[in-house]
Amino acid sequence: MVTGRKIAVLRERASGETRVSATPETVKKLIALGAALHVESGAGLSASIPDEAYREAGAEVGEAAAVVAGADIVLGVQGPDLALLSGVEPGAWVVAGLDPFGQRARVDAYAQAGLEALAMEFMPRITRAQSMDILSSQSNLAGYKAVILAADTYGRAFPMMMTAAGTISAAKCFVMGVGVAGLQAIATARRLGAQVSATDVRSATKEQILSLGAKPIFVENVAGIEGEGAGGYATEMSEEYQKAQGELVSSHIARQDIVITTALIPGRPAPRLISDAQIASMKPGSVIFDLAAPQGGNVEGTVADEVVEKHGVKIIGLSNTPAHLPADASALFARNLFNFLSAFWDKEAGGPVLDAEIGDAIRLTQGGKVVHERLLG
Numbered sequence: 053m054v055t056g057r058k059i060a061v062l063r064e065r066a067s068g069e070t071r072v073s074a075t076p077e078t079v080k081k082l083i084a085l086g087a088a089l090h091v092e093s094g095a096g097l098s099a100s101i102p103d104e105a106y107r108e109a110g111a112e113v114g115e116a117a118a119v120v121a122g123a124d125i126v127l128g129v130q131g132p133d134l135a136l137l138s139g140v141e142p143g144a145w146v147v148a149g150l151d152p153f154g155q156r157a158r159v160d161a162y163a164q165a166g167l168e169a170l171a172m173e174f175m176p177r178i179t180r181a182q183s184m185d186i187l188s189s190q191s192n193l194a195g196y197k198a199v200i201l202a203a204d205t206y207g208r209a210f211p212m213m214m215t216a217a218g219t220i221s222a223a224k225c226f227v228m229g230v231g232v233a234g235l236q237a238i239a240t241a242r243r244l245g246a247q248v249s250a251t252d253v254r255s256a257t258k259e260q261i262l263s264l265g266a267k268p269i270f271v272e273n274v275a276g277i278e279g280e281g282a283g284g285y286a287t288e289m290s291e292e293y294q295k296a297q298g299e300l301v302s303s304h305i306a307r308q309d310i311v312i313t314t315a316l317i318p319g320r321p322a323p324r325l326i327s328d329a330q331i332a333s334m335k336p337g338s339v340i341f342d343l344a345a346p347q348g349g350n351v352e353g354t355v356a357d358e359v360v361e362k363h364g365v366k367i368i369g370l371s372n373t374p375a376h377l378p379a380d381a382s383a384l385f386a387r388n389l390f391n392f393l394s395a396f397w398d399k400e401a402g403g404p405v406l407d408a409e410i411g412d413a414i415r416l417t418q419g420g421k422v423v424h425e426r427l428l429g
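Heads up: the sequence shown begins at 53 in our numbering, then just goes up one per residue.
Following this line, the structure appears as structure tokens:
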């Protein structure tokens with residue numbers, strides 16, 4: 053029997069990152085598999101997890117250099133810089149959200165160091181990988197938080213209220229993009245009492261919108277995507293569809309109080325959904341929350357981590373929305389990583405052994421080279 057693998061958990065160092073890649077719950081489960089867990093001191097503090105909780109779960113807690121020395125697997129929310137991985141032997145895994153397109157130099161550095169970098173955001177959208185999908189778990193929370201922050205910024209109530217002094221009308225909320233984040237935004241806005249409508253380029257989402265009690269807003273005379281786009285994401289549409297969609301949105305958005313935009317295309321800048329002219333058509337005091345701010349934004353004028361006011365409309369866009377729910381976001385992220393490692397854990401090997409379907413989808417580097425097809429050429 054091969055001895056269990058050493059798994060290192062580092063404190064996140066990216067600006068504004070409050071999450072951690074393992075919790076006491078997942079530490080216990082990984083130790084039960086036979087792994088040895090080493091956690092950097094302070095790694096969980098921003099997610100309200102003290103060092104003692106990790107010790108009670110069975111982990112060794114120490115400084116970064118000792119934690120990574122000889123590690124077989126390094127876990128992260130975001131990929132650690134290579135300088136933090138001194139003492140990690142070639143062939144070790146780095147398992148995290150690696151932002152391969154935005155952090156290509158770091159990916160190349162992993163390759164040169166002989167590390168095997170596994171990008172969890174490349175997890176295929178297949179049934180058996182759903183519990184490993186960090187994008188879904190974090191997008192779910194982001195959709196919820198977007199509505200909560202928009203409601204906090206909005207100067208009026210969300211639900212209709214009938215009082216002795218008169219009736220307050222319900223807020224009108226429009227969600228653009230009905231993926232995981234969009235569906236949660238719809239559900240949250242509905243729970244807060246808003247009148248909710250939503251749109252997407254994928255025709256299959258109509259039923260999902262209706263099932264949540266919202267009104268679908270779709271271009272009827274130009275074909276969109278039937279079913280899902282590649283990997284569950286929308287793809288870029290024809291100029292004809294984009295024009296028709298723009299006209300529809302322009303007529304609808306002028307009557308909205310809250311707009312939540314969620315559209316992303318992996319590896320490309322976020323598509324522009326709302327122009328300055330459309331913002332100008334909205335009522336003063338309206339709020340737009342742009343969940344695509346980290347990729348350039350769906351809204352003209354979005355600035356990540358700033359509240360921009362244009363034509364009396366406030367535009368919010370955060371660079372890391374899930375990090376504003378650190379405890380829950382960490383719990384879900386850590387479970388995604390545990391589900392991934394445990395699904396491939398081989399008792400005889402003493403650690404995880406990937407199959408081709410998942411391995412080829414998420415492996416960026418191996419044997420000193422960048423090997424993922426989306427990063428080659």
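We put the beta carbon where it would ideally sit given N, CA and C, even for glycine.
With DSSP collapsed to three states, give me the class of residue i.
{"i": "residue 257", "result": "helix"}
{"i": "residue 226", "result": "strand"}
{"i": "residue 354", "result": "coil"}
{"i": "residue 269", "result": "coil"}
{"i": "residue 128", "result": "strand"}
{"i": "residue 314", "result": "coil"}
{"i": "residue 302", "result": "helix"}
{"i": "residue 250", "result": "strand"}
{"i": "residue 297", "result": "helix"}
{"i": "residue 119", "result": "helix"}
{"i": "residue 141", "result": "coil"}
{"i": "residue 342", "result": "strand"}
{"i": "residue 31", "result": "Summary: the structure shown does not reach residue 31, with the chain confined to residues 53 through 429, and so no result is reported for it."}
{"i": "residue 324", "result": "coil"}
{"i": "residue 57", "result": "coil"}
{"i": "residue 417", "result": "strand"}
{"i": "residue 423", "result": "coil"}
Relative to the alpha-carbon of residue i, which residue among the options has its alpha-carbon at the smallest distance?
{"i": "residue 263", "options": "252, 239 and 254", "result": "239"}
{"i": "residue 169", "options": "182, 152 and 176", "result": "152"}
{"i": "residue 250", "options": "236, 66 and 267", "result": "267"}
{"i": "residue 419", "options": "247, 163 and 242", "result": "163"}
{"i": "residue 113", "options": "133, 232, 76 and 138", "result": "76"}
{"i": "residue 85", "options": "416, 391 and 408", "result": "391"}
{"i": "residue 69", "options": "107, 193, 130 and 100", "result": "130"}
{"i": "residue 228", "options": "203, 98 and 308", "result": "308"}
{"i": "residue 314", "options": "373, 217 and 106", "result": "373"}
{"i": "residue 325", "options": "301, 306 and 347", "result": "301"}
{"i": "residue 295", "options": "327, 317 and 322", "result": "327"}
{"i": "residue 400", "options": "87, 223, 123 and 298", "result": "87"}
{"i": "residue 115", "options": "60, 66 and 81", "result": "60"}
{"i": "residue 110", "options": "428, 81, 177 and 254", "result": "81"}
{"i": "residue 90", "options": "121, 332 and 146", "result": "121"}
{"i": "residue 57", "options": "124, 96, 200 and 97", "result": "124"}
{"i": "residue 178", "options": "252, 410 and 207", "result": "410"}
{"i": "residue 160", "options": "146, 422 and 201", "result": "422"}
Count the other CB atoms within 10 Å of the CB of residue i; is the residue buried (16 or more) or exposed (fewer)?
{"i": "residue 342", "result": "buried"}
{"i": "residue 355", "result": "exposed"}
{"i": "residue 190", "result": "buried"}
{"i": "residue 279", "result": "Bear in mind that the predicted position of residue 279 carries a pLDDT of just 44, short of 50, making it unreliable; the figure below should be weighed with that in mind. Exposed is the call here."}
{"i": "residue 149", "result": "buried"}
{"i": "residue 182", "result": "exposed"}
{"i": "residue 137", "result": "buried"}
{"i": "residue 359", "result": "exposed"}
{"i": "residue 323", "result": "buried"}
{"i": "residue 193", "result": "buried"}
{"i": "residue 387", "result": "buried"}
{"i": "residue 407", "result": "exposed"}
With a CB to CB cut of under 6 Å and the five nearest residues on each side skipped, what residues in its chain are close to residue i?
{"i": "residue 393", "result": "404"}
{"i": "residue 311", "result": "226 and 340"}
{"i": "residue 248", "result": "225, 238, 241, 242 and 266"}
{"i": "residue 188", "result": "232"}
{"i": "residue 185", "result": "175"}
{"i": "residue 142", "result": "166"}
{"i": "residue 333", "result": "306"}
{"i": "residue 297", "result": "271"}
{"i": "residue 424", "result": "416"}
{"i": "residue 92", "result": "62, 63, 116 and 119"}
{"i": "residue 140", "result": "120 and 123"}
{"i": "residue 337", "result": "207"}
Between which residues of its own chain and residue i is the CB-CB distance below 7 Å, once the five residues before and five after are set aside?
{"i": "residue 155", "result": "131"}
{"i": "residue 99", "result": "70, 71, 72, 378, 379 and 382"}
{"i": "residue 260", "result": "230 and 235"}
{"i": "residue 133", "result": "158"}
{"i": "residue 203", "result": "210 and 244"}
For residue i, which residues from the same chain have a beta carbon less than 8 Å from its beta carbon, with the 5 sequence-adjacent residues on both sides left out?
{"i": "residue 361", "result": "367"}
{"i": "residue 94", "result": "63 and 103"}
{"i": "residue 396", "result": "404, 405, 406, 407 and 410"}
Enumerate, from N- to C-terminal direction, the unbroken beta strand (DSSP E) stretches of 3 or more residues contained entirely within the region 365-407.
-> 365-369
Uninterrupted beta strand (DSSP E) stretches inside the region 61-114 (no shorter than 3 residues) | Correct list: 88-92 and 112-114.
Output the residue ranges of the alpha helix (DSSP H) runs that lie fully inside the region 181-229 and measure 4 residues or longer, sorted by chain position.
-> Whole alpha helix (DSSP H) segments, 4+ residues: 186-205.
Along the chain, which unbroken stretches of the beta strand (DSSP E) at least 3 residues long are found entirely within the region 144-177?
-> 145-149 and 168-171
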